[in-house]
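Enquirer: For reference, the structure I am asking about is given below.
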Amino acid sequence: MEKLSAQRIRPFLTGTIGKELQVYQVIDSTNTAAKLLAKNGAPHGAVVIAAQQTAGRGRQGRIFYSPPDAGLYLSIILRPHISAEESLLITPAAAVAVARAIAHTTGVQVQIKWVNDLYYQGKKLCGILTESALDGYGGVAYAVLGIGINLLNKNFPPELQEIATSLAAAGTQPDRNLLAAAILSEFDKIYVHLEDKEFLEEYRSRSCVIGKQVALVYGEKQQTVMVHAIDDHANLVVSGTDGVPFLVGCGEVSLKGDWK
Ligand code: BTN
């Protein structure tokens, strides 16, 4: 596999995101590093990329499996001039950007499992974790958008074997520098027009939950709901057994094997 390198990524960047770029072969967590850079004043669009993480983090305190030279792990520092509510669109925008970048560099079409996982044939290929610091005035001081993609993994640890996949398992091995550049450039294109919400059209068309019965999990609680739509704030529009529709803005959904 091509060595991950800033020189190989930079020529393919089309926007401001990634102009300031730090590349590591090993790091604890690109999100942790990017948060520290953001606290110390790093500009909008600065990026940290790594070929391996020793302490990759997922949502809800989970570990994100990040072995050497098998994936792509990157974090983007954003300084959004939008409300905290609108900043909730960053994660779904990133899901669309990564899906487009994968399609452009490999031809593989992935699905989006609300709100921020990319799936291929029913297994997770990519996770996204956005961590924001509020400015105390209803806005966002900075956000760190972290993206982890499984590229080469064929042998996942036993607990992941049934639920995780990689681009190699999908039959493709893209140059990770080109894939990184494509992700940064695609995200830049969406981000500059984030408030138009045009990307939500593609988010919906790639969604694997619309029209499905899913298990909605919040903390210890679980409820089976029907997903009717995804609204303009990326909330799920669902109904329970009483048929009354309601909105879901956080939590997780599980598809119970219904991927068709
Ligand atoms: C999830 O699936 O729960 C989110 C996973 C996010 C993983 C990425 S890898 C790059 C960045 N650095 C981290 O420590 N986490 C994110």
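In the working numbering, the protein residues as written are 62 to 321.
All C-beta atoms, glycine included, are put in the ideal place defined by N, C-alpha and C.
1. Per DSSP, which one or two residues make a beta bridge with VAL169?
2. Where THR77 and LEU97 are concerned, what is the direct C-alpha to C-alpha distance, given to the nearest angstrom?
3. Check this for me: beta carbons of LEU65 and ILE110, under 8 Å apart or not?
4. How many angstroms separate the CA atom of GLN281 from the CA atom of GLU313?
5. Candidates GLY102, ALA290 and VAL108: which alpha carbon is nearest TYR85's?
6. Taking ASN214 as the reference, give the member of THR233, ILE251 and VAL201 with the closest Cα.
7. Are the beta-carbon atoms of ARG265 and ILE291 separated by less than 8 Å?
8. Where DSSP assigns a beta bridge to MET287, which residues make up the other side?
9. With a 10 Å radius around its C-beta and 16 neighbouring C-beta atoms as the bar for buried, classify TYR19 as buried or exposed.
10. Among VAL288, PHE260, GLY200 and GLY183, whose alpha-carbon lies nearest the alpha-carbon of GLN222?
11. Within the same chain, show all residues whose beta-carbon is closer than 6 Å to that of ALA112, passing over the 5 residues directly before and after it, in chain order.
12. Among TYR126, ALA242, SER148 and ASP249, whose alpha-carbon lies nearest the alpha-carbon of VAL201?
13. Let me make sure I understand the geometry here. Which of SER268, ILE138 and PRO72 has the alpha-carbon closest to that of ALA103?
14. Below 7 Å CB to CB, which residues in the same chain sit around GLY209 once its five sequence neighbours on both sides are set aside?
15. Report yes if the C-beta of PHE125 is less than 7 Å from at least one heavy atom of the ligand BTN; otherwise report no.
16. Can you give me the Cβ contacts of GLU247 inside the same chain, cut-off strictly under 6 Å, excluding the 5 residues immediately before and after it?
17. Would the C-beta of SER193 count as close to the ligand BTN, meaning under 7 Å from any of its heavy atoms?
Expert: Walking through what the data contain:
1. Within the sequence shown, residue 169 is the residue found at index 108, counting from 1. Per DSSP, none; premise fails for VAL169.
2. Here residue 77 refers to the residue found at position 16 when the sequence shown is read from its first residue. Here residue 97 refers to the residue found at position 36 when the sequence shown is read from its first residue. One C-alpha to the other measures close to 20 Å.
3. The residue given as residue 65 occupies position 4 in the sequence shown. The residue given as residue 110 occupies position 49 in the sequence shown. Going by C-beta atoms, LEU65 is nearer than 8 Å to ILE110.
4. Start at 1 with the first residue of the sequence shown, and residue 281 comes out as number 220. Start at 1 with the first residue of the sequence shown, and residue 313 comes out as number 252. The amino acid at residue 281 is misidentified as Gln; the sequence shows Glu. Roughly 11 Å separates the two Cα atoms.
5. Taking the sequence shown and counting its residues from 1, the one referred to as residue 85 is at position 24. Looking at the Cα atoms, VAL108 is the closest of the given residues.
6. Within the sequence shown, the letter at position 153 stands for residue 214. Nearest option by C-alpha distance: THR233.
7. Walking along the sequence shown from the start, residue 265 turns up at place 204. Walking along the sequence shown from the start, residue 291 turns up at place 230. In contact: ARG265 and ILE291 (Cβ atoms closer than 8 Å).
8. To locate residue 287, count along the sequence shown from 1; it is residue 226. Answer is GLN274 and SER300.
9. With the chain covering only 62 through 321, there is no way to say anything about residue 19.
10. For the purposes of this step, residue 222 is taken as the residue at position 161 of the sequence shown. GLN222 has its Cα closest to that of GLY183, out of VAL288, PHE260, GLY200 and GLY183.
11. Looking up residue 112 in the sequence shown gives position 51. The answer, listed in chain order, is LEU65, GLN86 and ASP130.
12. One-based indexing of the sequence shown puts residue 201 at position 140. The option with the nearest alpha carbon to VAL201 is SER148.
13. In the sequence shown, counting from the first residue as 1, residue 103 sits at position 42. The residue with the shortest Cα to Cα distance from ALA103 is ILE138.
14. Working through the sequence shown from its first residue, we reach residue 209 at position 148. Counting only Cβ-Cβ distances below 7 Å, and skipping sequence neighbours, we find GLY117, PHE125, SER127, GLY132, TYR134, CYS187 and GLY188.
15. Position 64 of the sequence shown, counted from the first residue, corresponds to residue 125. Yes; taking the cut-off as 7 Å, the Cβ of PHE125 has a heavy atom of the ligand BTN nearer than that.
16. Against the sequence shown, residue 247 aligns to sequence position 186. Answer for GLU247: ALA158, ARG161 and ALA162, listed in chain order.
17. Counting from 1 along the sequence shown, the entry for residue 193 is found at position 132. No, Cβ of SER193 sits at least 7 Å from all heavy atoms of the ligand BTN.
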